[in-house]
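Going by this note's numbering, the letters in the sequence shown line up with residues 2 to 379, in that order. What follows is a short report on a single structure.
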Amino acid sequence: MQILTKQFFIKSCKILLPIFTLIVVISAWLLINCDMTGDWEGLYLVSGPGNHLTVTDDLFPEDDLVAGMAFTWISKAVIAESCSASTGSCISSKWDEKNGRGYVKNFYQDGRKLLINLSRFKNENGELSSGIFLGGGLPPGDPDYSSTDKDDTGMSYYDGRRWYHIWCSVNEAVLSSALNSKPIYPQQWNFLNSRVLENSSNNISIVSHHWFSMDGVPFFVEKLFFYESGDNYFTLVTKIKNEGVRPMSLYYLYGDEPWVGHYGTAMGNVGWTKDGFFKTEGEIDTTANTFAGILDYGNDLAGEAHTYTGMANFIEWDRTTRPDLAYFSNVAGRYTKLQGISRPLADADCRFLGLEWARTLKPAESMSFTLAIGMANN
2 MQILTKQFFI
12 KSCKILLPIF
22 TLIVVISAWL
32 LINCDMTGDW
42 EGLYLVSGPG
52 NHLTVTDDLF
62 PEDDLVAGMA
72 FTWISKAVIA
82 ESCSASTGSC
92 ISSKWDEKNG
102 RGYVKNFYQD
112 GRKLLINLSR
122 FKNENGELSS
132 GIFLGGGLPP
142 GDPDYSSTDK
152 DDTGMSYYDG
162 RRWYHIWCSV
172 NEAVLSSALN
182 SKPIYPQQWN
192 FLNSRVLENS
202 SNNISIVSHH
212 WFSMDGVPFF
222 VEKLFFYESG
232 DNYFTLVTKI
242 KNEGVRPMSL
252 YYLYGDEPWV
262 GHYGTAMGNV
272 GWTKDGFFKT
282 EGEIDTTANT
292 FAGILDYGND
302 LAGEAHTYTG
312 MANFIEWDRT
322 TRPDLAYFSN
332 VAGRYTKLQG
342 ISRPLADADC
352 RFLGLEWART
362 LKPAESMSFT
372 LAIGMANN
């Protein structure tokens, strides 16, 4: 009887084991998505969407990591090897020309660092951008990567002890002047290509090309990035050309709620220009001013003491291609314009600095603007 029972158990296992294995495989297949970016910064399992898990080859600040392993031997990025800052500032960089993302890191002789991440972020819909767009975090294979500290995302500064957040993932978009038109964000543009034009321990320049269509009119975009070792800013040139057969009026929007000081909070942030602090929402005169920024100082109109980090950023425009509008606000895209009403910059999550250009471009006509974007010297 025991022999028969044992034989029955063995036969049952032989039948049930493949069925159980098949169930596990099917369940895993149904619950695990695959989203390979082509960056090949490693192999990672992240949470989402929903109750699912996703296997991917790169990790971004918006991802919730479950497990993974970093490796870079498959990556085809253009790399400037780690430099030695023993005799002065130098640049270490990594740029994936095919996918249009990477970072630039400046090492100062005294151990400080300045980090600029480009297109290493996802928008609220989980979409990636490609090209010269400020934002995101380091790949996990980088020695400065941290899964818990996001102060080293976007543009950030290391003073030898800790990282300070300077700029976040910048908001860029184009918008038709037509009534009820919706912004077209970089994630919706067609990324054509990118190329490293210069890459050394002292200088780096990168170009990215894009295409988008607005109300049936095609536009070509070229973005240029320039950085020189030791600088606390980079230069961004944006060129837009109407490649259609009819004129088109558009707005170009550029701005950020930068969370200066610490990632994830706008508390303590106030606006500043050459004339002093902006503690309330309001418009910046782009003729009288050539720059504006956000300072992590504390806004007494929001009930904040002056006990914050004191870090500040700035954005400077060229007088000949200045924005038509610049403003500080608690909400991206608009600010209080009513006379006699001063709304304090008091939102805990968003204290926004925005720039806008308004142009009508004829067929084959172009517009361009140049910005210097960086960390202000205190």
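Quick reminder that beta carbons are idealized off the backbone N, C-alpha and C, glycines included.
Beta-carbon proximity list for residue i, same chain, < 7 Å, skipping 5 on both sides
{"i": "Phe-235", "result": "Ile-117, Phe-226, Phe-227, Tyr-228, Ile-374, Gly-375"}
{"i": "Tyr-309", "result": "Gly-262, Gly-269, Asp-297, Tyr-298, Gly-299"}
{"i": "Arg-247", "result": "Val-218, Pro-364"}
{"i": "Pro-345", "result": "Lys-280, Thr-281, Asn-300, Leu-302, Ala-303"}
{"i": "Thr-291", "result": "Glu-317, Trp-318, Arg-320"}
{"i": "Val-105", "result": "Ile-92, Ser-94, Ile-117, Ile-205, Tyr-228"}
{"i": "Ser-148", "result": "Leu-66"}
{"i": "Ser-48", "result": "Leu-54, Asp-65, Val-67"}
{"i": "Tyr-264", "result": "Lys-151, Asp-152, Thr-154, His-166"}
{"i": "Ser-62", "result": "Contrary to the premise, residue 62 reads as Pro rather than Ser in this sequence. Around Pro-62: Phe-122, Gly-137, Gly-138, Lys-151, Thr-154."}
{"i": "Ala-349", "result": "Thr-266, Ala-267, Met-268"}
{"i": "Cys-351", "result": "Glu-258, Ala-267, Asn-331, Val-332, Ala-333"}
{"i": "Ala-306", "result": "Gly-299"}
Proximity to residue i [Cα-Cα], best of the options
{"i": "Thr-321", "options": "Gly-283, Lys-363, Thr-371", "result": "Thr-371"}
{"i": "Pro-184", "options": "Asp-350, Arg-163, Leu-251", "result": "Leu-251"}
{"i": "Asn-378", "options": "Gly-231, Tyr-45, Met-215", "result": "Gly-231"}
{"i": "Gly-161", "options": "Leu-119, Asn-107, Ser-177", "result": "Asn-107"}
{"i": "Glu-98", "options": "Ile-342, Val-208, Thr-274", "result": "Val-208"}
{"i": "Ile-241", "options": "Gly-256, Gly-265, Ser-214", "result": "Ser-214"}
{"i": "Thr-38", "options": "Trp-273, Ser-130, Ser-85", "result": "Ser-130"}
{"i": "Thr-288", "options": "Lys-280, Lys-275, Ile-295", "result": "Lys-275"}
{"i": "Asn-194", "options": "Asn-200, Ile-133, Leu-180, Gly-138", "result": "Ile-133"}
{"i": "Trp-190", "options": "Asn-200, Leu-198, Val-197, Val-175", "result": "Val-175"}
{"i": "Pro-259", "options": "His-211, Gly-155, Val-197, Thr-239", "result": "Gly-155"}
{"i": "Leu-254", "options": "Pro-62, Trp-96, Arg-360", "result": "Arg-360"}
{"i": "Ile-167", "options": "Ser-343, Glu-357, Lys-151", "result": "Lys-151"}
{"i": "Gly-101", "options": "Ser-87, Lys-114, Leu-119", "result": "Leu-119"}
{"i": "Phe-278", "options": "Thr-239, Tyr-264, Gly-265, Phe-329", "result": "Phe-329"}
{"i": "Asn-126", "options": "Ile-33, Tyr-186, Tyr-45, Gly-272", "result": "Tyr-186"}
{"i": "Ser-157", "options": "Met-368, Arg-335, Gly-69, Leu-115", "result": "Leu-115"}
{"i": "Met-312", "options": "Cys-35, Trp-273, Ser-170, Val-56", "result": "Trp-273"}
{"i": "Leu-196", "options": "Val-56, Trp-96, Glu-357", "result": "Looking at the sequence itself, residue 196 is Arg, so the reference to Leu does not match. Nearest of Val-56, Trp-96, Glu-357 to Arg-196, Cα basis: Trp-96."}
{"i": "Asp-36", "options": "Ser-87, His-307, Glu-128, Gly-103", "result": "Glu-128"}
{"i": "Leu-198", "options": "Ser-87, Ser-369, Tyr-159, Lys-224", "result": "Lys-224"}
{"i": "Val-271", "options": "Ile-342, Ser-182, Phe-353", "result": "Phe-353"}
{"i": "Asp-325", "options": "Gly-355, Ala-333, Phe-315, Ala-347", "result": "Gly-355"}
{"i": "Phe-315", "options": "Cys-169, Tyr-45, Leu-46", "result": "Cys-169"}
Assigned secondary structure, residue i (DSSP; H/G/I helix, E/B strand, else coil)
{"i": "Asp-152", "result": "helix"}
{"i": "Leu-115", "result": "strand"}
{"i": "Pro-219", "result": "strand"}
{"i": "Val-25", "result": "Because Val-25 carries a pLDDT of 43, less than 50, the predicted location of this residue cannot be relied on, and the following value inherits that uncertainty. If DSSP states are grouped into helix, strand and coil, Val-25 belongs with the helices."}
{"i": "Ala-384", "result": "The question about residue 384 has no answer, for the chain in this structure spans 2 to 379."}
{"i": "Ala-313", "result": "strand"}
{"i": "Lys-7", "result": "Caution applies to Lys-7, whose pLDDT of 49 falls short of 50 and renders its modelled position unreliable; the model cannot decide the point."}
Whole-Å CB distance - residue i paired with residue j, under 8 Å assumed
{"i": "Gly-245", "j": "Pro-144", "result": "Rounded, the Cβ-Cβ distance is 47 Å, inconsistent with contact."}
{"i": "Glu-282", "j": "Asn-331", "result": "6 Å"}
{"i": "Ala-327", "j": "Ile-295", "result": "With a Cβ gap of about 12 Å, Ala-327 and Ile-295 do not count as contacting."}
{"i": "Asn-172", "j": "Asp-257", "result": "6 Å"}
{"i": "Leu-66", "j": "Leu-60", "result": "6 Å"}
{"i": "Asp-216", "j": "Ala-267", "result": "No, Asp-216 and Ala-267 are not in contact; Cβ-Cβ is about 34 Å, not under 8 Å."}
{"i": "Arg-163", "j": "Gly-137", "result": "Wrong, their Cβ atoms sit about 20 Å apart, outside the cutoff."}
{"i": "Met-249", "j": "Leu-362", "result": "6 Å"}
Close-in-space but distant-in-sequence residues of the same chain around residue i (CB under 6 Å, 5 per side omitted)
{"i": "Glu-366", "result": "Asn-243"}
{"i": "Asn-124", "result": "Gln-188"}
{"i": "Arg-323", "result": "Thr-287"}
{"i": "Asn-233", "result": "Gly-375, Met-376"}
{"i": "Gly-112", "result": "Gly-161"}
{"i": "Val-238", "result": "Leu-225, Thr-371"}
{"i": "Lys-338", "result": "none"}
{"i": "Tyr-146", "result": "Leu-139"}
Close Cβ partners of residue i (< 8 Å) along its chain, the five nearest in sequence each way excluded
{"i": "Gly-142", "result": "Glu-42, Gly-43, Ala-71, Phe-72, Thr-73"}
{"i": "Cys-91", "result": "Cys-84, Ser-85, Asn-107, Phe-108, Ser-202, Asn-203, Ser-230"}
{"i": "Ile-27", "result": "Note that Ile-27 has pLDDT 47, beneath the 50 cutoff, so the model's placement of it is unreliable and no number is given."}
{"i": "Gly-89", "result": "Gln-110, Ser-230, Gly-231"}
{"i": "Phe-221", "result": "His-210, His-211, Trp-212, Ile-241, Lys-242, Glu-244"}
{"i": "Asn-34", "result": "Pro-50, His-53, Leu-54, Thr-55, Val-56"}
Return the chain-ordered ranges of every beta strand (DSSP E) run that is complete within the segment 322-379 and spans a minimum of 3 residues.
326-330, 353-362, 367-376
At what residue ranges does the segment 236-301 contain a whole run of the beta strand (DSSP E), taking only runs of 3 or more?
249-257, 270-274, 277-279, 283-285, 292-297
Where are the beta strand (DSSP E) runs, 3 residues long or more, that stay fully inside the segment 137-215, in chain order?
156-159, 164-168, 172-177, 191-200, 204-215
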